[in-house]
Amino acid sequence: MNSAVDGCLRNPACVASMPGDEATIPWLSRALQTARTLVTLKEFLDEAEVRRIETILVECAKEADFLVNEREYGPGKYPDDAECDRLVRDKEGNEVKRAIELGNMKHELAFACVQRRLFTEFPDNVSVEPRYAPGPVSGQYVLTNRWTGSLRPDIVLHFARNPTKVQCVYDFKFPCTSASKSNPLGPDGSKARQQLLEYDGLGGNCPSGIVTPQLGISHE
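Quick note: the sequence shown uses my numbering, first residue 121, plus one each step.
1) Under 8 Å by Cβ, that's how I've got SER247 and HIS227 pegged, so tell me the actual separation to the nearest angstrom.
2) Please give me, in chain order, every unbroken run of the beta strand (DSSP E) with length at least 3 that falls completely inside the stretch 309 to 338.
3) Where DSSP assigns a beta bridge to ALA219, which residues make up the other side?
4) Specify the secondary structure class of THR160 as computed by DSSP and reduced to three states.
5) Consult DSSP for ALA253 and reduce its assignment to one of helix, strand or coil.
6) How many Å lie between CYS296 and ILE220 at the Cα?
7) Which residue from GLY269, ARG272, GLU190, ILE337 puts its Cα closest to that of MET225?
8) Considering CYS204, what are the terminal residues of the alpha helix (DSSP H) in which it resides?
9) Using a Cβ-Cβ cut-off of 6 Å (strictly less than) and excluding sequence neighbours within five positions of GLY306, which residues of its own chain qualify?
10) Shortest alpha-carbon distance to VAL208 belongs to which of PRO199, ASP200, ARG218, ALA202?
11) Kindly list the residues whose CB is nearer than 7 Å to the CB of ARG266, restricted to its own chain and excluding five residues on each side of it in sequence; keep chain order.
12) Measure from the alpha carbon of ALA230 to the alpha carbon of each residue in ALA202, PHE294, LYS285, GLY259, then state which is nearest.
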């Protein structure tokens, strides 16, 4: 076996020669590498792909809502308004409403569903809970570990392998009371509406939305 062919068996960057020709191992030029990357990586998702992702997000929200309600209350049951408002202790010992505790449980299952279903199909364009803060350039956001003054949406669709180039932003919400289920965004000035306005500041070409098991995708 000649050295060129032997090298091809060990090197994934080897360029295959035409049948009948001797194998060669020319290293790809930087221009060719760039061209191949642009062909391989999808920059922004097209409209059909965004719609498919939204469908999966809604399915994940419904699955998480169903599984937690069934685990906590039994088959076919769910909390009533009094149960949603009942005060409990969270993992840190803080007093919170049962609705918040249930919402945290459902978020965990929804994120697991997203990782299971979307990370295999759109691994380069979907991020879960990235955190953003204003960058050195006005109007520009960068990834950060800083909590104060930062934003952490649940799901971000973005440029391939670049979460700072945002396309769409979504937050899971799991309304518990009857009123919140029918109007998950709440009244004008509510926390949910304010969050969407802040997420719109991250950029993107579609309005930020919330995902609920009852109403699907809702926009401001």
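Every residue gets a Cβ at the ideal spot worked out from N, C-alpha and C, and that includes glycine. Note that the structure is a prediction, hence the values are computed from the model and not measured.
Working from what's here:
1) About 15 Å; that fails the 8 Å criterion.
2) 329 to 332
3) For ALA219, which the question treats as bridged, DSSP gives no partner whatsoever.
4) With a pLDDT of 44 at THR160, under the threshold of 50, the modelled position of that residue is not reliable, and no figure is offered here.
5) strand
6) 9 Å
7) GLU190
8) 201 to 205
9) ALA312
10) ARG218
11) ALA253
12) PHE294
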